[in-house]
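If you count the sequence shown from 1, position 67 lands on 106 in our numbering, and the numbers rise without skipping.
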Amino acid sequence: MARVCELTGKGRQVGNNVSHANNKTKRTFLPNLQNVTLISDELGKSVKLRVSTHGLRSVEHVGGLDNWLTKTSEEKLGTEARKLKRELAKKAKAAA
40 MARVCELTGK GRQVGNNVSH ANNKTKRTFL PNLQNVTLIS DELGKSVKLR
90 VSTHGLRSVE HVGGLDNWLT KTSEEKLGTE ARKLKRELAK KAKAAA
């Protein structure tokens, strides 16, 4: 299972451990991923996703999954989020 946020696409970063003697060794910084169930009011279903805590906070800040998906551009979304955004767009077209 890849350590990537399914909403934001945030993945691992690479950096250095720096000792007191200024020795540098490679290390990885992993995102804080959580398994969550988010509810989509527009689609009328719940979605299980593996989301970083940063992504979860931004979804809550905007006012829910549907609002966050409509306001965020496709370039910034992960693969699962893009699928959900397309489903929302189809549902909106069918309703209009």
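By construction, the Cβ of each residue, glycine as well, lies at the ideal position given by its N, Cα and C atoms.
query	result
Whole-angstrom distance between V75 and S85, CA atom to CA atom	10 Å
With 16 other Cβ atoms within 10 Å as the buried cut-off, status of K49	buried
Classification of V53 by the beta-carbon crowding that lies within 10 angstroms, buried from 16 upward	exposed
Candidates V57, S58, E81: closest to T109 by CA position	E81
Per-residue DSSP class, three states only, for S97	helix
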